[in-house]
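See below for the structure under consideration.
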Amino acid sequence: KNEVEQSPQNLTAQEGEFITINCSYSVGISALHWLQQHPGGGIVSLFMLSSGKKKHGRLIATINIQEKHSSLHITASHPRDSAVYICAVAGAGNQFYFGTGTSLTVIP
Amino acid sequence: DAGITQSPRHKVTETGTPVTLRCHQTENHRYMYWYRQDPGHGLRLIHYSYGVKDTDKGEVSDGYSVSRSKTEDFLLTLESATSSQTSVYFCAISEATPREQYFGPGTRLLVL
Numbered sequence: 003k004n005e006v007e008q009s010p011q012n013l014t015a016q017e018g019e020f021i022t023i024n025c026s027y028s029v030g031i032s033a034l035h036w037l038q039q040h041p042g043g044g045i046v047s048l049f050m051l052s053s054g055k056k057k058h059g060r061l062i063a064t065i066n067i068q069e070k071h072s073s074l075h076i077t078a079s080h081p082r083d084s085a086v087y088i089c090a091v092a093g094a095g096n097q098f099y100f101g102t103g104t105s106l107t108v109i110p
Numbered sequence: 004d005a006g007i008t009q010s011p012r013h014k015v016t017e018t019g020t021p022v023t024l025r026c027h028q029t030e031n032h033r034y035m036y037w038y039r040q041d042p043g044h045g046l047r048l049i050h051y052s053y054g055v056k057d058t059d060k061g062e063v064s065d066g067y068s069v070s071r072s073k074t075e076d077f078l079l080t081l082e083s084a085t086s087s088q089t090s091v092y093f094c095a096i097s098e099a100t101p102r103e104q105y106f107g108p109g110t111r112l113l114v115l
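Those protein sequence lines, which keep their order, are chains A and B. Letter 13 of the first sequence, counting from 1, is numbered 15 in our numbering, and no numbers are missing. Letter 88 of the second sequence, counting from 1, is numbered 91 in our numbering, and no numbers are missing.
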């Protein structure tokens, strides 16, 4: 049983499209993180949120605590957005649970 | 970029040998984490530290031990490496919890 489920697993989009990646979780959390893993393997934190919505450039993250669901949106997608996007939740006892990631490919 | 380095970056070893991976930070962050990343599993927590000499187990701690004798260094030791420990290992740091985590570049370990 996975505490964090992401969908879709793989996503291919044309440049300029609006993209949504979904994350559902089953544990109580203190915060939810969205991470980006580049093709070379490096992992970068995009957002940490515990309620509402955050925006950074073309990226928007939302969370619904009652429904235990979060979404990551990318507006006007670009080939440089191609990466694996990982949802992670901070549960009780300083434990972190990670989704298996969504592999995004943006085609020019 | 947060100052986190991992060494070695790549290692090939044989079953039964001990292996130590090092994570070094220059940010003076209190929390340090070791994760492994495997296809189909995502990142999984091995051990973490919440201060010098203070460590605790994560989800997949069997076969691994850790030590933190200084704020800046967190060592992960595989006492007797097995093929199932072939993986990519990531170190991460954070100032507090829950806070943003900053990841190191990763170490690719192959156990033959």
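All C-beta atoms in this analysis are idealised placements derived from N, C-alpha and C, irrespective of residue type, glycine included.
Please say whether G93(A) and G42(A) have beta carbons closer to each other than 9 Å?
-> If you number the first sequence from 1, residue 42(A) lands on position 40. If you number the first sequence from 1, residue 93(A) lands on position 91. No. Outside cutoff.
Where Q88(B) falls: helix, strand or coil (DSSP) = Within the second sequence, residue 88(B) is the residue found at index 85, counting from 1. Three-state result, Q88(B): helix.
Step through the CB atoms of chain B and report whether any lies within less than 9 Å of the CB of T102(A).
-> Within the first sequence, the letter at position 100 stands for residue 102(A). True, the Cβ-Cβ gap to chain B drops below 9 Å.
Determine the closest residue to D59(B) out of I109(A), N12(A), F98(A), with distance taken between C-alpha atoms.
-> As a position in the second sequence, residue 59(B) is number 56, starting the count at 1. Minimum Cα distance to D59(B) is reached at F98(A).
How would you label T29(B), buried or exposed, when you count the other beta carbons within 10 angstroms and need 16 or more for buried?
-> Position 26 of the second sequence holds residue 29(B). Exposed is the call here.
Determine, using beta carbons only, whether R102(B) comes closer than 9 Å to chain A.
-> The count along the second sequence starts at 1 and reaches residue 102(B) at position 99. By this cut-off, R102(B) is an interface position.
Rounded to whole angstroms, what's the CA-CA distance from P101(B) to S32(A)? Just pull it up for me.
-> In the second sequence, residue 101(B) corresponds to position 98, counting from 1. In the first sequence, residue 32(A) corresponds to position 30, counting from 1. Those two C-alpha atoms are separated by around 7 Å.
Go to R71(B), then tell me how far its beta strand (DSSP E) extends in each direction, as first and last residue.
-> Start at 1 with the first residue of the second sequence, and residue 71(B) comes out as number 68. Taken as a continuous stretch (DSSP letters only), the beta strand (DSSP E) holding R71(B) covers 67-73.
Going by DSSP, which residues form a beta bridge with S28(A)?
-> As a first step, residue 28(A) must be located in the first sequence, where it is residue number 26. None, per the DSSP bridge assignment.
Does the region 41-60 of chain A come close enough to the region 90-104 of chain B that 3 or more CB-CB pairs lie under 8 Å?
-> yes
Give the secondary structure of R82(A) by DSSP, where H, G and I count as helix, E and B as strand, and everything else as coil.
-> Walking along the first sequence from the start, residue 82(A) turns up at place 80. DSSP places R82(A) in helix when its eight states are reduced to three.
Can you name, in chain order, every residue of its own chain whose Cβ lies under 6 Å from the Cβ of I109(A), other than the five neighbours on each side?
-> Working through the first sequence from its first residue, we reach residue 109(A) at position 107. Around I109(A): Q16.
Using a C-beta cutoff of 9 Å, does T33(B) count as contacting chain A?
-> Indexing the second sequence from 1 puts residue 33(B) at position 30. The sequence shown places Arg at residue 33(B), rather than the Thr named in the question. Chain A contact via Cβ: absent.
Going along chain B in order, which residues have a C-beta closer than 9 Å to the C-beta of I88(A)?
-> The residue labelled residue 88(A) in the question sits at position 86 within the first sequence. Chain B residues near I88(A): G45, L46.
Hey, quick one: how far does the beta strand (DSSP E) through V114(B) stretch, first residue to last?
-> Counting from 1 along the second sequence, the entry for residue 114(B) is found at position 111. Unbroken beta strand (DSSP E) run through V114(B): 110-114.
Compare the Cα-Cα distances from N24(A) to each of H80(A), T107(A), A63(A) and report the closest residue.
-> For this step, residue 24(A) is matched to residue 22 along the first sequence. Of the listed residues, the one whose Cα sits closest to N24(A) is A63(A).
Do T77(A) and L51(A) have their C-beta atoms closer together than 9 Å?
-> To locate residue 77(A), count along the first sequence from 1; it is residue 75. To locate residue 51(A), count along the first sequence from 1; it is residue 49. For T77(A) and L51(A), no; Cβs fall outside 9 Å.
Using a Cβ cut-off of 9 Å (strictly closer), state whether I67(A) contacts chain B.
-> For this step, residue 67(A) is matched to residue 65 along the first sequence. Judged by the 9 Å Cβ criterion, I67(A) is not in contact with chain B.
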